[in-house]
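Read the structure below first, then the notes.
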Amino acid sequence: MWNRAKNTDILVREASGIIENTHQLVKGNLDINIDSTDYSLLKELAEDVDQISKTFHDYIGEISHILSHLSAGNMTVSFTKDLQYQGDFLPIQNALHKIRHSLRGSFEEINQLSAQMDRLSSRVDSSASLIADNSSKQAELISNLTDTIYQIADQTVANASDAETASKQILEIQQDAKYGKDHMDQMLISIQKVQSSSRDISHIIDIINGLASQTKLLALNASIEAARAGEAGSGFSVVASEIGLLAQKSAEAVKQTTLLISSSISAAEITGGIAEKTAGSLEEILLSVNKATKLCTGIADASKQQAKELQNTSQIITNISAAVQNNAAYAGENSLVSSDMLGVSVGLRQLMTRFKLEKTSPENVMQNELQPHQEEKFLKLIRGLTAMPETAQMDAALIAFLPEQSDYECLYIIDSEGYQISHTIMNPEIILIKEDGFKAAEPGDYHGTKGYYRRAINSPGQWHTSHEYISTATGGLCKTLSYAYPGENQKIRVLCIDIICRF
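Take 16 as the starting number for the sequence shown in our numbering and just add one per residue.
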């Protein structure tokens with residue numbers, strides 16, 4: 016009877032222990048550790064509950080690790096080789112593998128497309144800038160060409176007007192030349208008449224000269240006859256002498272007149288020759304003037320047509336200039352668009368840098384665990400915190416520690432009951448995203464259910480590291496380091512450090 020009562024007490028005690036541990040499991044505390052040696056009647060049940068706790072702890076730790084890394088962009092996160100999923104947990108493992116493979120493949124394609132887009136955007140931006148510059152230069156050249164064409168058109172119109180005026184003046188010169196030729200023809204006719212009259216006078220002079228010779232001969236005969244007559248013929252001799260003298264004077268006058276007439280005829284012939292040459296020259300001048308008139312008329316007509324065509328050309332070039340200016344404006348807009356596209360491409364490339372798609376060599380991976388030189392700094396901080404009872408003192412120590420510590424997101428302290436006793440000191444060097452619902456923990460907030468807190472409380476003086484998780488403050492991958500140390504009145508306190516994980 017006594018053994019039965021004893022076994023009942025043992026059974027109740029062991030059942031109470033198992034119930035307490037299962038209650039912890041229900042609350043999400045997977046860090047329970049059941050020592051099966053403390054159980055005799057319910058040893059197998061205790062071992063099963065302990066195994067369930069360990070299995071759940073490993074599964075949830077693995078799932079949290081994988082999903083946190085994928086959420087932070089680490090597509091190369093590895094699965095724990097020693098952890099074997101069994102039963103209904105096997106589809107979870109397959110799903111995680113599928114998620115990682117699918118995301119990694121998708122982001123690798125996106126990364127390749129981003130690189131292609133970056134190259135194309137750079138080429139488009141360069142081409143658009145070149146086109147915009149060339150279009151601007153072309154528009155400027157077209158504008159200058161338009162001004163030049165307008166100047167040429169104006170000058171051509173002026174030349175056409177001058178050519179028309181010159182044509183009119185040439186016509187007037189032609190008319191004057193014609194009048195001059197007519198007058199020269201009339202002068203030639205007059206000279207020819209003078210020549211004819213001179214020849215007629217020459218014949219008359221010849222007759223007069225003949226008469227003078229006969230008169231002289233008669234006077235000579237009369238003198239001879241008077242001499243024969245003697246005194247009877249003295250009076251007739253006087254008359255004959257006078258007639259001879261008159262004949263002599265007439266002969267001399269005829270001789271002088273003949274000389275004058277000969278000179279006049281010679282001069283008339285020379286003048287006639289000159290007049291004929293002048294008439295020929297005037298004829299040639301008239302012919303040249305007629306040719307020049309035709310040329311000037313043709314030039315005037317061609318200049319008018321050229322001016323008209325230049326005006327049409329100017330209008331065409333004006334239209335081309337407007338089109339080129341529009342093209343330049345569009346090219347400028349395209350350049351801006353290509354610049355925007357290049358900016359988008361750069362932004363996409365920068366975005367892709369957040370994701371790790373390839374394995375990195377170990378020497379290039381930043382360690383996410385606490386390093387010896389870091390541990391010494393934190394132990395020095397803990398020694399200073401040990402004698403600080405007030406929240407303000409603890410806050411000041413944490414604030415003084417954070418500068419130049421870019422790998423730490425925040426620090427805070429929890430007491431032995433699980434309540435936070437310091438403020439959450441955020442690193443001023445990090446950029447906060449502050450997702451919806453984010454609020455930094457404050458003194459009085461309860462952390463007793465947190466695994467990193469419980470593990471530190473259960474093992475004081477040792478560093479404990481939580482699984483990776485996505486920080487609601489920065490959106491990045493973090494893990495929490497915790498360390499329990501004796502504070503005021505030897506009450507246990509836990510220093511918690513949220514460290515930023517690099518990959």
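Glycine is no exception: its CB is placed at the ideal position from the N, C-alpha and C atoms.
With a threshold of 6 Å on Cβ separation, who are the neighbours of residue i within its own chain once the five nearest residues in sequence on each side are excluded?
i	result
serine 376	Only weak support exists for where serine 376 lies, its pLDDT of 46 falling under 50; the value from the coordinates is given anyway. Closer than 6 Å at the Cβ level, and outside the excluded window around serine 376, lies no residue.
serine 431	Lys506 and Ile507
glutamate 444	Ser421
glycine 225	none
threonine 95	Glu77
If we call anything under 8 Å between Cβ atoms a contact, is residue i one with residue j?
i	j	result
cysteine 493	cysteine 511	no
isoleucine 446	threonine 489	yes
alanine 456	methionine 441	no
proline 458	isoleucine 436	yes
isoleucine 485	serine 86	yes
isoleucine 13	valine 269	It is not possible to answer for residue 13, since the shown part of the chain is limited to 16 through 518.
glycine 463	glycine 502	no
serine 360	serine 136	yes
leucine 40	serine 68	yes
alanine 168	alanine 337	no
isoleucine 335	isoleucine 146	no
leucine 57	glutamate 29	yes
isoleucine 514	tyrosine 423	yes
isoleucine 206	alanine 283	yes
alanine 412	leucine 394	no
glutamate 405	serine 83	no
serine 129	asparagine 342	no
isoleucine 397	tyrosine 461	no
Which residue marks the beginning of the beta strand (DSSP E) containing residue i, and which one marks its end?
i	result
valine 509	507-515
glutamate 424	423-430
Who are residue i's beta bridge partners in DSSP?
i	result
threonine 480	Leu496
isoleucine 485	Leu492
methionine 441	Cys425
glutamine 435	Ile429
tyrosine 461	Tyr434
proline 501	Ile507
Could you name the residues of the same chain whose beta carbon sits closer than 7 Å to that of residue i, not counting the 5 residues immediately before and after it, in chain order?
i	result
cysteine 311	Ala178, Ala181, Ser182 and Ile185
aspartate 14	This structure cannot settle anything about residue 14, because the visible part of the chain is limited to 16 through 518.
threonine 23	none
methionine 381	Only weak support is given to the placement of methionine 381: the predicted model assigns it a pLDDT of 42, under 50, and the value that follows is read from those uncertain coordinates. Excluding positions up to five away in sequence, the list reads Arg517.
arginine 62	The amino acid at residue 62 is misidentified as arginine; the sequence shows glutamate. So the list reads Ser51, once near-sequence residues are dropped.
threonine 272	Ile220
serine 481	Gly466, Tyr467, Lys494 and Thr495
isoleucine 34	none
threonine 37	Val64
threonine 171	Ser318, Gln321, Ala322 and Leu325
glutamate 291	Leu203
isoleucine 314	Ala178
Taking 8 Å as the limit between beta carbons, can you name the residues of its chain near residue i, skipping five residues before and five after?
i	result
glutamine 189	Leu301, Val304, Asn305 and Thr308
threonine 333	Thr161
isoleucine 164	Leu325, Thr328, Ser329 and Ile332
arginine 115	Ile81, Leu85, Met90 and Val92
tyrosine 100	Tyr74, Ile107 and Gln108
histidine 72	Leu45 and Asp46
leucine 118	Leu85 and Met90
isoleucine 258	Thr230, Leu233, Ala234 and Ala237
threonine 286	Ile206
alanine 294	Lys196, Met199, Asp200 and Leu203
Between which two residues does the alpha helix (DSSP H) containing residue i stretch?
i	result
asparagine 473	466-473
threonine 95	Run containing threonine 95: none; DSSP gives neither H nor E here.
methionine 2	Lying before the first or after the last residue shown, residue 2 is absent from the chain, which here runs from 16 to 518.
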